[in-house]
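Notes follow once the structure below has been shown.
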Amino acid sequence: MSRTWVRVATSLGFALLVLGQPGVSAPAGQDEPIELRTVVGCLARDADSWTLERATEGEPTERAFTSQDEIAVSRQQALGSLTYRLLGVGEFGVDGHDGHKVQVKGLRLNIDGELRLNVTSFQHLAPACE
20 MSRTWVRVAT SLGFALLVLG QPGVSAPAGQ DEPIELRTVV GCLARDADSW TLERATEGEP
80 TERAFTSQDE IAVSRQQALG SLTYRLLGVG EFGVDGHDGH KVQVKGLRLN IDGELRLNVT
140 SFQHLAPACE
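For the sequence shown, our numbering assigns the number 20 to the initial residue and increments by one for each residue that follows.
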C-alpha cells in the first residue's frame, strides 16, 4: 500500500514540477489550463478503462489528497452531466466499485474535447450512484 502512495505522490510531484516550468507547454490538443480538481460522479468500467459518468465539473483544489471533511461534503453533492476518462485509477483498487458514487481528485485535462482526470485520490462515497 505504501508503494502505491509513493508512486502516486512521485507522479503528481513530477507532473506539477514539469507543468510549472517556464517554456513547458501542455499536451497537444489541450484546450484549457491543467489544474488539480475534485470531482464527484459514478464510476463505470469500459472495455479496457474506467470512466466517471454523471460527473460534476469539479472544484479546483491545491490538495492532492482528501480530508474527511471533503468526503462528507462530496457525499451530499449532486451529480453532474459530464464524463471523464480516468487515468492511473487502477492503483487505487477500484474493482468492485463499478456503478458506485465516488470522489476523484486529479489533474484535469481537456484534450481535443475529451475530459480526463489523472487520478491522485480516489474515495468511495456510496454503493448506489444517486
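Ideal placement from N, C-alpha and C gives every residue a C-beta, glycine not left out.
Between alanine 91 and histidine 119, the gap from beta carbon to beta carbon reaches 8 Å or more. Counting other Cβ atoms within 10 Å of its Cβ, arginine 127 reaches 16 or more and is therefore classed as buried. The C-alpha of threonine 80 lies about 13 Å from the C-alpha of valine 59. In the DSSP annotation of this structure, the continuous segment of the alpha helix (DSSP H) that includes valine 92 starts and ends at 87-95. When rounded, the separation of the alpha-carbon atoms in leucine 55 and glutamine 122 is 13 Å. Distance check between cysteine 148 and each of Gln96, Arg135, Glu76 places Gln96 closest, using alpha-carbon atoms only.
Alanine 63 is bridged by DSSP to Thr70.
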